[in-house]
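See below for the structure under consideration.
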Amino acid sequence: MVAATTSLRSFFATLQTNQIDQTGFLNGHLPLFYEHKTAVLRKVNFPVGGQILKLKYSRDKEMDVCMSALVDGVDAACTNDEEIIQTSHQVEPSVSTMLMNFSNDFDPYEALSTPLYQTATFKQPSATEGGAYDYTRSGNPTRDALESLLAKLDKADRALCFTSGMAALAAVTRLVGTGDEIVSGDDMYGGSDRLLSQVVPKSGIVVKRVDTTNLEDVASAITPRTKLVWLESPTNPRQQISDLRKIAELAHTRGALILVDNSIMSPVLSQPLELGADIVMHSATKFIAGHSDLMAGVLAIKGESLAKELYFIQNAEGSGLAPFDCWLCLRGIKTMALRVEKQQENAQKIAKFLRSHPRVKKVFYAGLPDHPGRSLHYSQAKGAGSVLSFLTGSLALSKHVVQTTKYFSITVSFGSVKSLISLPCFMSHASIPAAVREARGLTEDLIRISVGIEDVDDLIADLEQALRTGPA
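In the numbering used here, each residue carries its 1-based index in the sequence shown increased by 18.
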């Protein structure tokens, strides 16, 4: 066992000198903050050795906390009603259970619905002493609650919430310096493509685009100057599958970080940190929030040093997610597992229907038996999700389908409870030059749909009438 840190001893000493009155306040103040954790009536939470220790004590008694607490198997000789308890290493619950039962250590009252701390700034203890929070750009209890939950879902050391998925991705590019290289796939979200092709090179960074389904191409592209390998799997919108484990091994052998944009899967279906990724990005606008009512991005990070570096970038650039959006996201995320399961169930049936339809030339969906990357995909994910694309062979027919469906809204984005439909070449991927899109197999007749939670028979009937009534 390792002796408790000075800061921990200082924390105990602080509690020793404070009297708890009949109302449960510590010297008239509730809560007492320390190291971004709260000390409140009946429970004190504080971080030790990567775990949360909980100190329970009785009301209206002077604290007489022992100073012999040790980390890793806490050993303490406490008096009165104090008891130090270390959280045990239990088997991880399922995502759906975790979403309903995560411990919010940032709320002193243990409210079932996380409070909204809608404030820009926080009153400090004194003129020279700082509290746990000072300015919401740097931290906020509502954001901390969301980030804590997201870190648990992705098995990350830390998660950071940003104003959008693109803000999160832009922060990652700050890790790469002038003259360094980024290797990325050639089939990816249009906004990511725009960032890599039109913004990042202005900083003197070399961006290499490769077919990430081809390991030899990836290996050839990674050099000693490569600092970041940027992946999507499945890709958006053509559902190409990359071997995340093997690419991570290649990158790490040469000193590069792995970033996986996991927006199309969500933490419910895929956890790339477990496969070797260093950073996982989610556009929380999509499945995490799920209701098309907010914009947010998440970085789930492996390693404390990397997490601190990315937090510094977030704080310096002011790209942290606002409290109200965090609160909305916490509200929406509770049903994420249910939503994702239902959406995926619907998508599987729709994909089979489309594959058998005579007016559909090709369907891109990793859940179909004939998808070339199906086996690899299911070795690194729990399902195929609810975003799929298909070709009709005719732009006129594709436009008709998009414009005549009744239950699919014409819009960008995906992951909503509402079914969505689009022509990527004219919407989400319009910023990619036409010649580049064509070379990558992204043709104008490609239709992308994001399947919602509606009755699947209604959705299939809607698509059937749109395909049947379209021009020859």
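Just so it is clear, CB atoms sit at the ideal spot from N, CA and C, and this is done for glycine as well.
Span of the alpha helix (DSSP H) around residue i
i, result
"residue 171", "159-172"
"residue 417", "413-422"
"residue 330", "322-335"
"residue 449", "That residue, residue 449, is in no alpha helix (DSSP H); it is neither H nor E in DSSP."
"residue 264", "262-271"
"residue 199", "Note, residue 199: premise wrong, no alpha helix (DSSP H); beta strand (DSSP E) at 199-203."
"residue 438", "No alpha helix (DSSP H) contains residue 438, which is instead part of the beta strand (DSSP E) from 438-440."
"residue 235", "233-239"
"residue 287", "284-287"
Collapsed DSSP secondary structure at residue i in the structure displayed
i, result
"residue 354", "helix"
"residue 486", "helix"
"residue 472", "coil"
"residue 368", "helix"
"residue 127", "coil"
"residue 116", "helix"
"residue 155", "coil"
"residue 299", "strand"
"residue 186", "helix"
"residue 259", "coil"
"residue 428", "strand"
"residue 399", "coil"
"residue 503", "Past the edges of the chain, shown from 19 to 490, lies residue 503, and the structure says nothing about it."
"residue 465", "strand"
"residue 373", "helix"
"residue 110", "coil"
"residue 221", "helix"
"residue 226", "strand"
"residue 342", "helix"
Beta-carbon proximity list for residue i, same chain, < 6 Å, skipping 5 on both sides
i, result
"residue 424", "480"
"residue 122", "132 and 163"
"residue 327", "none"
"residue 139", "153"
"residue 322", "175"
"residue 255", "407, 442 and 466"
Beta strand (DSSP E) segment containing residue i, residue limits
i, result
"residue 279", "275-279"
"residue 194", "That residue, residue 194, is in no beta strand (DSSP E); it is neither H nor E in DSSP."
"residue 495", "Lying before the first or after the last residue shown, residue 495 is absent from the chain, which here runs from 19 to 490."
"residue 523", "Summary: the structure shown does not reach residue 523, with the chain confined to residues 19 through 490, and so no result is reported for it."
"residue 208", "No beta strand (DSSP E) holds residue 208; the alpha helix (DSSP H) holding it covers 208-212."
"residue 406", "405-409"
"residue 381", "380-382"
Per-residue burial, residue i [other beta carbons within 10 Å of its own, 16 or more giving buried]
i, result
"residue 320", "buried"
"residue 387", "exposed"
"residue 341", "buried"
"residue 334", "exposed"
"residue 118", "exposed"
"residue 399", "buried"
"residue 128", "exposed"
"residue 380", "exposed"
"residue 97", "Note that residue 97 scores 37 on pLDDT, short of 50, meaning its location in the model is unreliable; the coordinates nonetheless yield the value given after this. It is exposed - the Cβ of residue 97 has fewer than 16 other Cβ atoms within 10 Å."
"residue 125", "buried"
"residue 130", "exposed"
"residue 153", "exposed"
"residue 280", "buried"
"residue 216", "exposed"
"residue 269", "buried"
Cβ distance (whole Å) where residue i is taken to contact residue j below 8 Å
i, j, result
"residue 378", "residue 408", "5 Å"
"residue 208", "residue 450", "6 Å"
"residue 440", "residue 420", "7 Å"
"residue 278", "residue 262", "6 Å"
"residue 240", "residue 272", "5 Å"
"residue 416", "residue 463", "4 Å"
"residue 365", "residue 403", "7 Å"
"residue 213", "residue 178", "That belief does not hold up - the Cβ atoms of residue 213 and residue 178 are roughly 18 Å apart, past 8 Å."
"residue 314", "residue 339", "5 Å"
Cβ-based neighbour list, residue i, same chain, cut-off 8 Å, excluding 5 preceding and 5 following
i, result
"residue 203", "227, 228, 229, 230, 248, 249, 250, 253, 258 and 260"
"residue 196", "221, 222 and 223"
"residue 357", "305, 308, 435 and 471"
"residue 141", "149"
"residue 478", "367, 368 and 371"
"residue 489", "412, 414, 415 and 418"
"residue 180", "186, 189, 314, 315, 316, 317, 332, 337, 338 and 339"
Closer than 7 Å to chain B by CB, residue i
i, result
"residue 238", "The chain labelled as chain B is not found in the depicted structure, where only one protein chain is given."
Neighbourhood of residue i by C-beta distance below 7 Å, restricted to the same chain and skipping five residues each side
i, result
"residue 113", "171, 285, 286 and 355"
"residue 244", "199, 201, 272 and 274"
"residue 136", "341 and 342"
"residue 289", "172 and 173"
"residue 134", "160, 341, 342 and 345"
"residue 266", "276, 293, 294 and 295"
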